[in-house]
Structures are given as structure tokens and as C-alpha cells.
Amino acid sequence: MPLLAFIFRRVLQTIPTIAFILVVTFILVRLLPGDPASAMLGDRAIDADVQRINAKLGLDQPIPVQFLYFSKAVFTGDLGNSIGLKLPVIELISRRLPVTLMLTGMAALIALLVAVPLSFVAALNRGGAPDAIIRGTFQIGLSMPVFYVGLVLLTVFAAKLRWFPVGGYGENFLDDLYHLFLPATTLALSLSAVLMRNLRAAIIGVVGADYVDFARAKGLRARVIMTRHVLRNALISTVTLFGLSIGTLLGGAVITETVFAIPGAGRLMIEAIYGRDYPVIQGLTIALALLVSFTFLLTDIVQAWLDPRVAR
């Protein structure tokens, strides 16, 4: 029951966050240089045509009225049409966002599969050669920019060894995984380094705790102690860090999708910014912000499940 009450409270707390996202998105889009009418009509647009387009889009109304129209459009799913691609924004997002979600999901999974076991190896061999090698390797990976890592992996494994495609996207699920492996690895490198460093420190702290010594004294097997006592408690801080890193992961996806020519939401955002496609910028900003907010909510729920004290 405490967990269900906690989830209910967190969902209610998300409502003001969504309202804040709408307000900030509305303001930021209107602070961008130029205007949608000029972008639609080009450099040779005359004032009469600009006024006509502005009236059609409701941009000639007072700002509060525009915000009401904007909020209604968001909640009804009518985000308008792309200026450049002439397609509904909601359709573009439904096509591109799943690609980005799959990319970031693969990156997160790779980061966890690498960081968790190596954190144990490093922590249980603290001060030894394995610890030094693992920490040194991850420190190098953490210091390299995402675009540089992507170019290196692209050059070595795609251009020279030809183990993976140079870029693009697949035609089915397995082909998608094959095409996204290098980009996902690019994103996962820095995230795994951050998670490994945090989880290693947490494991070192938990291993020396009294309840772990008590578990050993009870004669519990090492595997049970590590999974039930050490890992569960060490993951509490790491789960929080992992949730906070999702926003960074999505930001890195913008660069990665550009380097690997992946038709995802990040690449669509770059194209929309260059083309001054305001409806697409607005729709993508809202979609990505809501995604990050949902991730934070899910992170808090997992943390409360791992540590019931959080739900009180």
C-alpha cells in the first residue's frame, strides 16, 4: 500500500511538470528567429501573404489566446503539419520517435550489461590490477566526445572491417538491431563509464556493511549475499543516476543519429531547426520532454521498490 500511495503522489506531481513543459515549449518556439509564415513562403514573401498565413495559424491572436489554442491542440493530438515535409507532425513523431527509443533502449541495455558485472569485478578487486584496468579503460571512454567515438567505430568496424553497415536503418526487427548496434555502442560507452564508477563505489560501501557481515555469519551462499543484499542496496543510487542520465542519452542520440544517418527523432529535430519547421520543433520538444518526465517517474517508482523507505 505505501508503494501504491507513493506512485499516486508521484503521478499527481507530474501534472505541474507537464504544464511547465507546455509553457516553456510555447515560449521557446516563439523566441526562435524568423516566423512560420516566412519559412513557408520563402524569402520572396509579401506582407499580405505573411499576414494571411499568420491569421490561418492563429499567430495574429493575443499571446494568451495562442497558448489556449496551443494547449488544446496538444491535448487533442493535433500538432499541425510540418512546413517542410507537408505531413502531420504527429505522424512524423510516430515514425521517428520509435527509432530513437530503440536506439536509446539498446544503448541503456548495453551500458547495464557492461557496467554491472565489471563494477563487481572492480569493487571486489579494489586496488588490484583488474580494478585499475577497468577504471582506466572507462575513464578513457568517458573523456571522449560522442561524435568522435561514433566516427572511430564507424571507420574501424563499418568502413574497414565491414562488420556492420555504415549507417541507415533496417527493414525488420533483427535488421534494425544489426544497424543500430554500432550507434547504440557509441551512446553506451559514456553511460556505462558513469554507471560503473557509481556502482563500484556503492558496492564497496555495501560490502563492508553490518548486515552483509551478518548474512555471511548466517552461512548464506556468496551468490545469495551478492544478489539479495549487495546488489539490491548498491543499485539504489545507481537507479537514480541511470534515470537522470536518460536525458543526456537522448541528447547524445541527436549527434549519433546524425553521424550514422539514422532516421530518428534527433535527426528530425536537427532538420527542423535548420529548416525553421516550427510545428515539428514544437511537437518533438513536447514529446521528448514528456518522455524524460515519464522516465523520472519510473525511476522514482523503481527506487521506492528497492528501498521502501523512499515511499514513506
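Every letter in the sequence shown is one number past the one before it in the numbering used here, and letter 9, counting from 1, is 65.
A virtual CB, placed ideally from N, CA and C, is assigned to each residue, including glycine.
- Collapsing the DSSP output to three states places residue 289 in a helix.
- Each of 222, 146 and 202 was checked against the Cα of residue 244, and the nearest Cα belongs to 202.
- At least 8 Å separates the beta-carbon of residue 262 from that of residue 280.
- DSSP places residue 221 in the coil class of the three-state scheme, outside both helix and strand.
- Residue pairing by DSSP places residue 137 opposite 144 in a beta bridge.
- Only exposed fits residue 72, as fewer than 16 other CB atoms lie within 10 angstroms of its CB.
- With fewer than 16 other beta carbons inside 10 angstroms of its own, residue 215 counts as exposed.
- Each of 181, 296 and 314 was checked against the Cα of residue 360, and the nearest Cα belongs to 296.
- Judged by DSSP secondary structure, residue 245 falls within the alpha helix (DSSP H) whose first and last residues are 229-263.
- Note that the C-beta distance between residue 248 and residue 177 is not below 8 Å.
- Counting only the Cα atoms, residue 75 lies some 13 Å from residue 67.
- Apart from the 5 residues on each side of it in sequence, residue 293 sits with its Cβ closer than 6 Å to the Cβ of 258 in its chain, given in chain order.
- If you draw a 10 Å sphere on the C-beta of residue 231, you find fewer than 16 other C-beta atoms in it, and that means exposed.
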